[in-house]
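**Q** Quick one: the structure is below, questions incoming.
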Amino acid sequence: MSFENKIAIVTGASSGIGAATAVAFSLQGAKVVMVGRNEAKLTKVAAKCSKPLVILADVTKDADVKRIVDETIKKFGQIDILVNNAGLLRNGGLIENDIMPAYDAIMNVNVRGVVNLTSLASQHLAKTKGNVVNISSAAAFLTPMVPGSLSYYISKAAINHFGACAAAELAPHGIRVNTVSSGPVKTDLFENSGIDVKYEDFEKVVALGRVSEPE
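This is the structure we're talking about:
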């Protein structure tokens, strides 16, 4: 499949899977719209892409989500691919009675942001018979390995079911929706979460005995 001149929006493009996805699309000829909150990191990744549209935006803010779509259409006139990659992990548990701040923050990014952006992009994706790719996690099928990460696991289960339901609703309009539920991948997710965990801990439970790289 050629991505030449396809317009691809990638959220969470400043690091990890999002950054690797943006660079890979650009190398395949796509015109990439890079979305993220960290300007310095976005700029660094953008240097590896060919003339990307860089948008500083927070997917939890409705005005920002609308601006992502509006700026993309203004510059490129269409949307072919939407990669919902932006994600958040925060510490919070039931017995400690500190789960709700983490739950609200995580669900706003990992679920609400995905549903909102997919909805606003859908009318444009219908015109191009485009694609939505949701980046989920194997956490959707598991119980937490790491204390305090319950809300993250819930959010990924929600994204998997959203993907299936969205696929059914959007298929008559020619839009495909797929969800990628990867195992452990080396990103800055844990570093930014405040949760004390090492990727080496995951190597013990992965069949191949290693953790994946974003690429």
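Quick note on numbering: UniProt numbering labels position 47 of the sequence shown as 47, and the sequence is numbered without any gaps. Positions of the beta carbon are idealized from the N, C-alpha and C atoms, including for glycine.
1) Only counting runs of 3 or more residues, tell me where the beta strand (DSSP E) segments fall wholly within the segment 86-173, in order along the chain.
2) Would Leu42 and Ser15 qualify as a contact pair, given that the criterion is a beta-carbon distance under 7 angstroms?
3) Measuring alpha carbon to alpha carbon, tell me which of Pro214, Leu88, Asn5 and Glu213 ends up nearest Val111.
4) With a 10 Å radius around its C-beta and 16 neighbouring C-beta atoms as the bar for buried, classify Thr118 as buried or exposed.
5) For Met34, count neighbouring Cβ atoms within 10 angstroms of its own Cβ and tell me buried if that reaches 16, exposed if not.
6) Give me the DSSP bridge partner(s) of Thr11.
7) By Cβ distance below 6 angstroms, which residues in the same chain neighbour Asp98 in space, the five residues on each side in sequence not counted?
8) Using the Cα positions of Thr72 and Lys31, report the straight-line distance between them to the nearest angstrom.
**A** Concretely, from the data shown:
1) 131-135
2) no
3) Leu88
4) buried
5) buried
6) Val35
7) Gly92
8) 10 angstroms
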